[in-house]
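Numbering (full-length UniProt numbering), first residue to last: 1 to 267.
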């Protein structure tokens, strides 16, 4: 009967039989660099160097992954589900940012008007001189491009802290790696930057319709979006069901109502 000794970290253990050796290798207790010895060997060798055990290692079942996600059993999300989820998320994100901007500007202008010692609105009138360019039609496009980028940064932050975005969660969608593990903040932020460029064309009107159509065609053919292919991301979808659909519709109506109240407030 052949018995083995093994050493890890300067500590020798054994003797063990071949069957026990096999179990320890399977459990990961004995790794590729663990030193082994048996009677007849001139010196200790690592597991990788023992030729007679190569066949033994190849016959072992691979260990189970540390994390098995049930999401990898769900199908890939359709282009329309992704479109509506993205629309919902950008809707509430831009609305939230507009609220912060309006509140911040209103507060700042009130303070500056007071400091300037002029009549209310005097500071705004002064701005019409050096900052009259903001009334140029193209400045609206530039503002929209920048605002869209800020919304996508907020989107990545929400994913980082709650594990998903509201629009995707309502429709049962989620972005994950191919093995089912979640994206890190930097990965999701990088993905959103790619969405901004290759999916939404920076927010430039009309051009963004072409880029969105291109991505929709890819997804419709069963291919990943260009910003998901290279990094190895996957957008899966749980079964929709009437309850998810109803919740999404009600939430969307709620957003429209909030927008109407907000517009009335700032007007």
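Backbone N, C-alpha and C fix where the C-beta goes; we use that ideal spot for every residue, glycine too. Computed from a predicted structure; not experimentally measured.
The beta carbons of residue 183 and residue 191 sit about 7 Å from each other, so the pair counts as a contact at 8 Å. The segment 125-205 contains, as complete alpha helix (DSSP H) runs of 4+ residues, the segments 137-162, 166-171 and 185-194 (chain order). Assigned with DSSP and collapsed to three states, residue 7 falls in strand. Residue 258 places its beta carbon less than 9 Å from that of residue 95. For residue 233, the enclosing beta strand (DSSP E) stretches over residues 233-237. In this chain, the beta strand (DSSP E) harbouring residue 35 covers 35-37. Under the DSSP assignment, residue 254 falls in the alpha helix (DSSP H) whose first and last residues are 241-266. If the five residues before and after residue 215 are omitted, its C-beta is found closer than 6 Å to the C-beta atoms of 199 and 225, all from its own chain and listed in chain order. Within the model, the alpha-carbon separation for residue 169 versus residue 141 is close to 30 Å. Contact annotation: the segment 160-174 touches the segment 74-82, with at least three C-beta pairs closer than 8 Å.
Ranking 138, 3, 154 and 172 by CA distance to the CA of residue 243 puts 172 first. For residue 218, the enclosing alpha helix (DSSP H) has its first and last residue at 207-220.
Within the same chain, 170 come within 7 Å of residue 247 by CB-CB distance, once the 5 residues on both sides are set aside. The distance from the Cβ of residue 38 to that of residue 4 is about 5 Å, consistent with a contact at the 8 Å cut-off. DSSP places residue 20 inside the alpha helix (DSSP H), whose first and last residues are 18-27. If the five residues before and after residue 45 are omitted, its C-beta is found closer than 8 Å to the C-beta atoms of 35, 36 and 37, all from its own chain and listed in chain order. For residue 104, the secondary structure class from DSSP, reduced to helix, strand or coil, is helix.
In this structure residue 241 is exposed. Its beta-carbon is surrounded by fewer than 16 other beta-carbon atoms within 10 angstroms.
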